[in-house]
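Numbering-wise (the working numbering), the sequence shown opens with residue 50 and increments by one.
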Amino acid sequence: MGFLTPQATGELGVLKTYALQQLAQLRTTEVGLSNEQAHSHPAASALNLTGLLRHCGAVGVYWSACAVAAPDAPQIPDGFDDLPLEDMIADESTLEETLVYFDRCVDLTTANFDAVTDLSAPVPVPPAPWYPPELTSWEARWCLAHISTEVARHTGHADIIRESIDGKGAYELNDLAEAL
């Protein structure tokens with residue numbers, strides 16, 4: 050049952066398992082789609098599946114790299130920048146190229162989770178207008194939990210987009226993905 054998060058033990062193991070499960074669920078939303086469908090905007094928003102895959106992949110890489118590097122600045126490999134969501138949605142890479150990028154992001158995220166040694170390490174808050182100025186750091190565990198929440202939010206968006214394209218929901222898509 051692909052939608053069921055596997056059992057995990059220990060705080061880091063649970064954080065990793067949930068984050069990777071959410072990324073896997075997002076990946077199922079593209080099963081059986083054409084490039085045109087994956088780039089479409091069938092719902093009221095401007096979101097599309099390829100943009101969500103790119104954005105969520107980058108979220109995993111960025112925030113897991115922050116947790117590994119704490120208290121220093123993260124080292125993000127070239128080509129895996131956490132660009133604004135609007136840029137990811139506008140990216141015209143093919144679905145196949147997007148899936149290669151996404152799968153590489155998941156690999157990097159997994160490796161970063163495996164390299165985390167201190168969940169309490171302070172992670173400097175990146176500059177952004179939505180963070181309060183007095184907030185200077187959060188714990189590495191916060192960064193890893195943030196991956197799951199951010200990806201889960203966008204996986205819900207992806208579910209709605211996919212259902213708008215062809216009516217297929219998460220249960221059916223998990224079955225189709227497992228059959229591949």
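From the three backbone atoms N, C-alpha and C, an ideal C-beta is built for every residue, glycine too. Model, not experiment: these values are computed from the prediction.
Nearest neighbour of T99, chosen from A194, L132 and S142 [CA to CA]: S142
Contact set for L168: own chain, Cβ-Cβ below 7 Å, skip 5 residues either direction: E60, L61, E188, A189 and R190
Sequence ranges, beta strand (DSSP E) only - wholly within the region 150-176, length at least 3: 171-173
Distance CB(R73)-CB(S197) smaller than 7 Å: What sits at residue 73 in the sequence shown is Ala, not Arg. It is not a contact, given that the beta carbons lie outside the stated cut-off.
Bridge-paired residues (DSSP) for S94: Looking at the DSSP assignment, S94 forms no beta bridge with any residue, so it has no partner.
Cβ-based neighbour list, E79, same chain, cut-off 6 Å, excluding 5 preceding and 5 following: A87 and L98
Contact check, A105 vs L75, beta carbons under 7 Å: Here residue 105 is Cys; the residue named in the question, Ala, does not match the sequence. For C105 and L75, yes; Cβs fall inside 7 Å.
Proximity winner among Y111, V149, L101 and N84, relative to C192 (alpha-carbon distances): Y111
Contact set for V247: own chain, Cβ-Cβ below 6 Å, skip 5 residues either direction: Lying before the first or after the last residue shown, residue 247 is absent from the chain, which here runs from 50 to 229.
Buried/exposed call for R211, threshold 16 Cβ in 10 Å: buried
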